[in-house]
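Protein chains in written order, with full-length UniProt numbering: chain A, 1 to 157; chain B, 1 to 157.
Note that the Cβ used here is the ideal one computed from N, Cα and C, for glycine as well.
Keep in mind it's a predicted model, so treat the numbers as computed, not measured.
Working notes for the structure below.
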DNA sequence: ATATCTGCAAAGACTTTGCAACCGC
DNA sequence: GCGGTTGCAAAGTCTTTGCAGATAT
């Protein structure tokens, strides 16, 4: 993770931006996450243990991380952006439980290959993709018909 | 398209809701769309030719259409919801040009089959999926390096 | 020293909700 | 007539922006 922080700082330097204390703390917290964080979530993690880092700065730093190519932003339909490391991006997609909201990652090279084929056939050049499957996870599939889920979960490994 | 309107009205009846003039007009306009509409967009189409139909009612009716299983809401990352017919939903996904925003639809049964496999392997039962490919379309791929702001680039080597 | 940053508050974009008047059934 | 519905305005989310004071280089 040290490496990514360094990459970020190099990016800042190259872009003529400053490596501030806040940016380092936010980036560090971001790289420490295991899955998908919202700006708000990262803010709570950082703000908890550090002196007054504003939510606004978290948003701005996440945008920098995106520009640096170190973060990807996703939208899983709940209206807000969730961020994840760019490096963990390699060949993985998401399956989201519509009941409890749990997000599981998976990878499929076969699917990726097919995507490439299709895209080429349509004259597009692919940059990236999002594949999201929605359904019931094992647990929720068992307990059918049970109130509103929405338990944000976050299952830290 | 008549059929879908009827389905909607049947849904309303079944749910003890009323088939109002506004709902019919909005549903009609929605079924007349060919691709993806935002609430705002549908509002403009309807509002233009009809007496005072509020944006709020469009939102509410789109929600009803979703509940009726006649519409699907998608989020392509620009922050707002886009709606499309559920019936055109059969086996198709999207490829979005990151340059001009053009959305093209495509279908792949092979990919769908693979998805099913994966999902089952993970213990999930699939309800629906979203596959979005992002890249440059033929036109934009030709005129490289032209974009407006958007050029995040800088990809750390 | 100075141009960039920060944090607060305020604005913005999109969507939902409260409420009095309204209209299907 | 009753209960759902409408449209306005207001509130609610999530995110961005304006600005004065603070800070990295």
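query, result
"Residues of the stretch 120-144 of chain A with Cβ closer than 8 Å to any Cβ of chain B, in chain order", "122, 123, 124, 125, 126, 127, 128, 129, 130, 131, 132, 133, 134, 135, 136, 137, 138 and 141"
"Beta-carbon proximity of residue 97 of chain A to residue 137 of chain A, cut-off 8 Å", "yes"
"Under the three-state DSSP convention, the category residue 70 of chain A falls into", "coil"
"Within 8 Å, strictly: CB atoms of residue 115 of chain B and residue 133 of chain A", "yes"
"Residues sharing a beta bridge with residue 99 of chain A, DSSP", "The partner list for residue 99 of chain A (beta bridge, DSSP) is empty, contrary to what the question assumes."
"Residue 13 of chain A to residue 81 of chain B span [Cα, whole Å]", "37 Å"
"Residue 151 of chain A classed as buried or exposed, judged by whether at least 16 other C-beta atoms fall within 10 angstroms", "Residue placement at residue 151 of chain A is flagged as unreliable, the pLDDT there being 37, under the threshold of 50; the coordinate-derived value follows with that caveat. Residue 151 of chain A should be labelled exposed."
"Proximity of residue 85 of chain A and residue 124 of chain A at Cβ, strictly below 8 Å", "no"
"For residue 136 of chain B, the first and last residue of its enclosing beta strand (DSSP E)", "125-136"
"Identity of the residue in B:39, B:78 and B:44 nearest residue 64 of chain B by Cα", "B:39"
"Buried versus exposed, by CB contacts within 10 Å (16 or more), residue 56 of chain B", "exposed"
"Beta-carbon spacing of residue 8 of chain A, residue 118 of chain B below 8 Å", "no"
"Residues that residue 104 of chain B contacts on chain A, provided the C-beta gap is smaller than 7 Å", "122"
"Residues near residue 6 of chain A by beta carbon distance below 8 Å, same chain, minus five either side", "none"
"Alpha-carbon spacing of residue 127 of chain B relative to residue 23 of chain B, whole angstroms", "28 Å"
"Alpha-carbon to alpha-carbon, residue 83 of chain B and residue 21 of chain B", "21 Å"
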